[in-house]
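Data first, discussion second: the structure below is written as structure tokens.
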Amino acid sequence: MQMWQGNCSGHRGKEPCVERNWLGLGIMAVGVWAWTEKDTFNNLSRLTNVALDPAFILILVGTVTFIIGFTGCVGALRENTCLLAAYAIFLALLLLMEMAAGVLGFVFKDWIKSQATGGFQAFIIHYREDPDQQNLIDWIQEDWLQCCGIEGPKDWDRNNYFNCSSSDIGSREACGVPFSCCKRKPNEIIKNKQCGYDVRKPSYTGERSIYERGCLRAGEEWLELNLVPVAGTVVSTMVLQNFEVAKVIYEKGCVQAGEEWVERNLLAIVTGAVGTAFAQILGICFAQNLRADIFAQKAKWH
1 MQMWQGNCSG
11 HRGKEPCVER
21 NWLGLGIMAV
31 GVWAWTEKDT
41 FNNLSRLTNV
51 ALDPAFILIL
61 VGTVTFIIGF
71 TGCVGALREN
81 TCLLAAYAIF
91 LALLLLMEMA
101 AGVLGFVFKD
111 WIKSQATGGF
121 QAFIIHYRED
131 PDQQNLIDWI
141 QEDWLQCCGI
151 EGPKDWDRNN
161 YFNCSSSDIG
171 SREACGVPFS
181 CCKRKPNEII
191 KNKQCGYDVR
201 KPSYTGERSI
211 YERGCLRAGE
221 EWLELNLVPV
231 AGTVVSTMVL
241 QNFEVAKVIY
251 EKGCVQAGEE
261 WVERNLLAIV
271 TGAVGTAFAQ
281 ILGICFAQNL
291 RADIFAQKAK
301 WH
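Using full-length UniProt numbering, read the sequence shown as starting at 1 and increasing by one per residue.
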């Protein structure tokens with residue numbers, strides 16, 4: 001049996017699992033290519049929140065996948081105790097980080113929520129500047145959570161293009177929301193990219209006209225006499241207006257929608273986390289057992 005003598009040098013050759021490890025390298029290459037297309041390397045200031053940048057996530061996932069897969073695969077095939085030890089250490093570190101993230105996420109859930117809110121705010125502000133983040137937030141709002149903004153459509157006023165004051169500079173999207181906030185109609189085949197225009201304008205459901213004549217005191221007296229019907233009219237008008245808008249766009253904020261999604265899928269999330277941890281523990285045990293067998297075999301030769 002041909003064996004490596006416990007070092008990290010190796011032989012050239014194509015093994016099936018080595019070829020499959022190119023998947024991790026390919027994921028990393030896609031992330032690097034995305035950064036290159038966005039000219040990120042020459043303008044790192046554009047990375048407002050690197051942890052939520054889709055290209056960075058691809059680079060990170062691809063790198064970790066390739067390193068762990070390569071050390072485990074080649075270490076097992078070539079019976080290299082150094083690579084097997086590295087594989088076990090990487091899996092143990094990954095498992096510890098996942099456990100720490102789970103505990104910290106439960107203990108500091110309010111901090112996590114505030115960080116997610118801050119990240120979503122950055123997405124909204126830079127919505128038109130980064131196509132990857134734009135596609136991500138559109139997917140979150142339209143396909144995943146079916147929401148709009150952080151707490152509601154009004155959050156899109158943070159974006160220069162959707163700010164209501166942008167109508168003064170000729171922005172057609174002023175006082176609107178992205179198309180991903182719109183509810184798709186049952187028979188709609190082609191998505192209407194302009195469905196969110198003007199939906200946050202007070203006049204969206206029609207102009208309200210009131211009498212302006214008369215003195216201030218007369219108006220106050222009339223208001224006192226008609227307080228109940230006036231209040232009812234105002235409330236019903238606001239409800240009707242919100243109802244009309246709600247038929248067009250999603251009114252629920254994405255943070256609230258995300259919390260509800262986690263609550264609905266908590267069992268599946270916990271099951272997946274436990275299954276992943278169990279698989280990692282098995283990987284560590286198998287790697288250590290294989291190393292022990294290799295050392296035992298070497299001891300027989302001496």
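C-beta atoms are modelled at their ideal positions from N, C-alpha and C, and glycine is treated no differently.
### Message
residue 76 and residue 266 - do their beta-carbons sit closer together than 8 angstroms?
### Response
Looking up residue 266 in the sequence shown gives position 266. Looking up residue 76 in the sequence shown gives position 76. Against a cut-off of 8 angstroms, the Cβ pair of residue 76 and residue 266 comes out as no contact.
### Task
Have a look at residue 174 and residue 194 and give me their C-alpha separation to the nearest angstrom.
Reading the sequence shown from its first residue, position 174 is the one you call residue 174. Reading the sequence shown from its first residue, position 194 is the one you call residue 194. So the two alpha carbons sit approximately 12 angstroms from each other.
#### Entry: N-terminal and C-terminal residue of the alpha helix (DSSP H) that residue 114 is part of
Working through the sequence shown from its first residue, we reach residue 114 at position 114. Note, residue 114: alpha helix (DSSP H), 109-125.
### Query
Where does residue 70 fall in DSSP's three states?
As a working note, residue 70 is residue 70 in the sequence shown. It is helical.
### Task
Answer with buried or exposed for residue 133, where buried requires no fewer than 16 other C-beta atoms within 10 angstroms of its C-beta.
By 1-based counting over the sequence shown, the position of residue 133 is 133. Buried is the call here.
### Task
Compute the beta-carbon to beta-carbon distance between residue 90 and residue 25, rounded to the nearest angstrom, for a pair I have assumed lies under 8 angstroms.
Stepping through the sequence shown from its first residue, residue 90 is reached at position 90. Stepping through the sequence shown from its first residue, residue 25 is reached at position 25. So it is not a contact: roughly 16 angstroms between Cβ atoms.
### Task
Can you give me the start and stop residues for the alpha helix (DSSP H) that residue 135 sits inside?
Position 135 of the sequence shown, counted from the first residue, corresponds to residue 135. Counting along the chain, the alpha helix (DSSP H) containing residue 135 begins and ends at 131-139.
### Task
Would you mind giving the Cβ-Cβ distance between residue 147 and residue 254, rounded to the nearest angstrom? I have them listed as a contact below 8 angstroms.
Locating residue 147 in the sequence shown gives position 147, where the first residue counts as 1. Locating residue 254 in the sequence shown gives position 254, where the first residue counts as 1. Confirmed, about 4 angstroms.
### Task
On a CA-only basis, which of 278, 293, 201 and 279 is nearest residue 165? Give me that one, please.
Against the sequence shown, residue 165 aligns to sequence position 165. Comparing Cα-Cα distances from residue 165 to each of 278, 293, 201 and 279, the minimum goes to 201.
### Query
Expressed to the nearest angstrom, what Euclidean distance is found between the alpha-carbon atoms of residue 213 and residue 172?
Your numbering for residue 213 matches position 213 in the sequence shown. Your numbering for residue 172 matches position 172 in the sequence shown. Note that residue 213 scores 28 on pLDDT, short of 50, meaning its location in the model is unreliable and no value can be drawn from it.
### Task
Tell whether a beta-carbon distance below 8 angstroms holds between residue 281 and residue 95.
Residue numbering aside, residue 281 sits at position 281 when the sequence shown is read from its first letter. Residue numbering aside, residue 95 sits at position 95 when the sequence shown is read from its first letter. The answer is yes: Cβ separation under 8 angstroms.
#### Entry: Rounded separation between residue 145 and residue 258 - CA only
Taking the sequence shown and counting its residues from 1, the one referred to as residue 145 is at position 145. Taking the sequence shown and counting its residues from 1, the one referred to as residue 258 is at position 258. Near 6 angstroms, if we compare the C-alpha coordinates of residue 258 and residue 145.
### Query
Beta-carbon separation of residue 84 and residue 287 under 8 angstroms?
Counted from its first residue, the sequence shown places residue 84 at position 84. Counted from its first residue, the sequence shown places residue 287 at position 287. Annotated as proximal: residue 84 and residue 287, with beta-carbon spacing under 8 angstroms.
### Query
Helix or strand or just coil, what does DSSP make of residue 159?
Counting from 1 along the sequence shown, the entry for residue 159 is found at position 159. Residue 159 falls in the coil class under three-state DSSP.
### Query
Whose CA, out of 69, 55, 82 and 269, lies closest to the CA of residue 294?
By one-based count along the sequence shown, residue 294 stands at place 294. Among 69, 55, 82 and 269, the Cα nearest to that of residue 294 belongs to 82.
### Query
Under three-state DSSP, which class holds residue 279?
Taking the first residue of the sequence shown as position 1, residue 279 is located at position 279. Of the three classes helix, strand and coil, the one that applies to residue 279 here is helix, per DSSP.
### Task
Determine the burial state of residue 53: buried for a count of at least 16 other Cβ atoms within 10 Å of its Cβ, exposed for fewer.
Taking the sequence shown and counting its residues from 1, the one referred to as residue 53 is at position 53. Counting Cβ neighbours within 10 Å, residue 53 comes out buried, since at least 16 surround it.
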